[in-house]
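These notes are about the structure you will find just below.
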Amino acid sequence: MTLQACADLVQRGDPDRFAATMAAPPEARRVLFPLYAFNLEVARAPWVTEEPMIAEMRLQWWRDALEEISNGTPPRRHEVVTPLAEVLDPTGAALLDRAVAARRWDIYKDPFDDETAFASHLDATSGDLIWAIARALGAPDETEGIVRDYAWGAGLAAWFLAIPAYEARGRLPLVDGRPGAIQGLARDGLARLARARRSRHGLPKPAHPALFAGWRAPAILQRAASDPSRVAAGTLPPSEFRRRTGLLWLSATGRW
Numbered sequence: 362m363t364l365q366a367c368a369d370l371v372q373r374g375d376p377d378r379f380a381a382t383m384a385a386p387p388e389a390r391r392v393l394f395p396l397y398a399f400n401l402e403v404a405r406a407p408w409v410t411e412e413p414m415i416a417e418m419r420l421q422w423w424r425d426a427l428e429e430i431s432n433g434t435p436p437r438r439h440e441v442v443t444p445l446a447e448v449l450d451p452t453g454a455a456l457l458d459r460a461v462a463a464r465r466w467d468i469y470k471d472p473f474d475d476e477t478a479f480a481s482h483l484d485a486t487s488g489d490l491i492w493a494i495a496r497a498l499g500a501p502d503e504t505e506g507i508v509r510d511y512a513w514g515a516g517l518a519a520w521f522l523a524i525p526a527y528e529a530r531g532r533l534p535l536v537d538g539r540p541g542a543i544q545g546l547a548r549d550g551l552a553r554l555a556r557a558r559r560s561r562h563g564l565p566k567p568a569h570p571a572l573f574a575g576w577r578a579p580a581i582l583q584r585a586a587s588d589p590s591r592v593a594a595g596t597l598p599p600s601e602f603r604r605r606t607g608l609l610w611l612s613a614t615g616r617w
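Right, dumping it as structure tokens:
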């Protein structure tokens, strides 16, 4: 029931976010680790069973836990829920509930209806999570657009990385998987990242670590834009040298 348990979960299951969190000040980690551990557990829930009803029950368990936090009732004892309850307010719990609800898409085989549905899915799974983190770190309401722009671009990069796994399971993760459409998405993501970066000084410094986890997104989206075939081939991630260099830059400067 400790912060260390959350850190261990993130280190094992999401090493990039773990590295980004370790680049943040210690006071930010008490927010980052529980929310990233929560996200990891929720993201896994639809994939640990082939039975849709069981997957629905797993997601509902998390929604019930968030409702307890939102209502101010004593939360269930759990290695992630307990520390999560210490950093969430009712608004933050509602944001995460929407993120959990969006994960129902992973349970079924239905494709996205259109580009708007796809964009909304990214905004829920990435935008609501990162905005909840930023709020918990002190971001005021007027900075929500900055955070959501960056979160959408980072979420798109993560989505591109996951596409080979989705396709291996018979899913259709994109509305249009043709090279031109992938390039368009990548350029949209890069534009959103750039727009957020231009406004970075509007975000209070203590809230900046909420965006650290997107540190690899620009390079990934640039590679997708220049060669869309890398997405399906699973060759988007830059070299390990570039990964380490980017992480060192993040740790040294705190610039996202």
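When we follow this note's numbering, the leftmost residue of the sequence shown carries the number 362, and every step to the right adds one. Glycine residues also receive a C-beta, built at the ideal position from the N, C-alpha and C atoms. Here the structure is a predicted model, which means the values were calculated and not measured.
Which residues in the same chain have their Cβ closer than 6 Å to the Cβ of residue i, if we skip the five residues on either side of it in sequence?
{"i": "Asp510", "result": "Arg553, Arg556 and Ala557"}
{"i": "Phe399", "result": "Val441 and Leu445"}
So is residue i buried or exposed if we call it buried at 16+ other beta carbons inside 10 Å?
{"i": "Ser600", "result": "exposed"}
{"i": "Ser587", "result": "exposed"}
{"i": "Phe573", "result": "buried"}
{"i": "Ile430", "result": "buried"}
{"i": "Thr434", "result": "exposed"}
{"i": "Tyr397", "result": "buried"}
{"i": "Leu533", "result": "exposed"}
{"i": "Ala526", "result": "exposed"}
{"i": "Ala529", "result": "exposed"}
{"i": "Leu609", "result": "exposed"}
{"i": "Asp458", "result": "buried"}
{"i": "Arg373", "result": "exposed"}
Provide the residue span of the alpha helix (DSSP H) that contains residue i, from first to last.
{"i": "Gly545", "result": "Pro540 to Arg559"}
{"i": "Trp610", "result": "Glu601 to Thr614"}
{"i": "Asp377", "result": "Pro376 to Met383"}
{"i": "His482", "result": "Glu476 to Leu483"}
{"i": "Thr443", "result": "Val442 to Ala446"}
{"i": "Glu402", "result": "Pro387 to Arg405"}
{"i": "Ser590", "result": "Ser590 to Ala594"}
{"i": "Glu456", "result": "The sequence as given places Leu at residue 456; Glu does not occur at that position. That run of the alpha helix (DSSP H) goes Pro451 to Ala463."}
{"i": "Trp422", "result": "Pro413 to Asn432"}
List the whole-angstrom C-beta distance separating residue i from residue j, where the pair is believed to meet the contact cut-off of C-beta under 8 Å.
{"i": "Leu551", "j": "Ala381", "result": "That belief does not hold up - the Cβ atoms of Leu551 and Ala381 are roughly 19 Å apart, past 8 Å."}
{"i": "Ala385", "j": "Arg464", "result": "Contact flag wrong, Cβ pair sits at about 25 Å."}
{"i": "Phe394", "j": "Val371", "result": "6 Å"}
{"i": "Ala568", "j": "Ala613", "result": "The pair is not a contact, with the Cβ atoms about 19 Å apart (cut-off 8 Å)."}
{"i": "Trp492", "j": "Glu505", "result": "6 Å"}
{"i": "Gly516", "j": "Gly488", "result": "7 Å"}
{"i": "Ala460", "j": "Thr477", "result": "Wrong, their Cβ atoms sit about 18 Å apart, outside the cutoff."}
{"i": "Asp475", "j": "Val536", "result": "6 Å"}
{"i": "Ala542", "j": "Leu582", "result": "Incorrect: roughly 14 Å between the Cβ atoms, too far for contact."}
{"i": "Ile468", "j": "Glu411", "result": "In fact, because the Cβ distance is near 10 Å, the residues do not count as touching under 8 Å."}
{"i": "Leu315", "j": "Ile507", "result": "Nothing about residue 315 can be read from this structure; the chain reaches only from 362 to 617."}
Which residues in the same chain have their Cβ closer than 8 Å to the Cβ of residue i, if we skip the five residues on either side of it in sequence?
{"i": "Ala580", "result": "Pro599, Arg603 and Gly607"}
{"i": "Arg577", "result": "Asp377, Ala518, Pro598, Pro599, Arg604 and Gly607"}
{"i": "Val402", "result": "Per the sequence shown, the amino acid found at residue 402 is Glu instead of Val. Counting only Cβ-Cβ distances below 8 Å, and skipping sequence neighbours, we find Leu370, Trp423 and Val441."}
{"i": "Trp617", "result": "Tyr511, Arg558, Arg561, His569, Leu572, Phe573, Gly575, Trp576 and Leu611"}
{"i": "Gly531", "result": "Lys470"}
Excluding five sequence neighbours on each side, which residues of the same chain lie with their C-beta closer than 7 Å to the C-beta of residue i?
{"i": "Gly453", "result": "Ala493, Arg496 and Ala497"}
The region 519 to 537 touching the region 584 to 593, judged by at least three CB pairs closer than 8 Å: Contact holds: three or more Cβ-Cβ distances are below 8 Å.
Per the contact definition of three or more C-beta pairs closer than 8 Å, is the region 482 to 489 in contact with the region 420 to 428? With a cut-off of 8 Å, the region 482 to 489 and the region 420 to 428 do not count as touching, because too few Cβ pairs lie within range.
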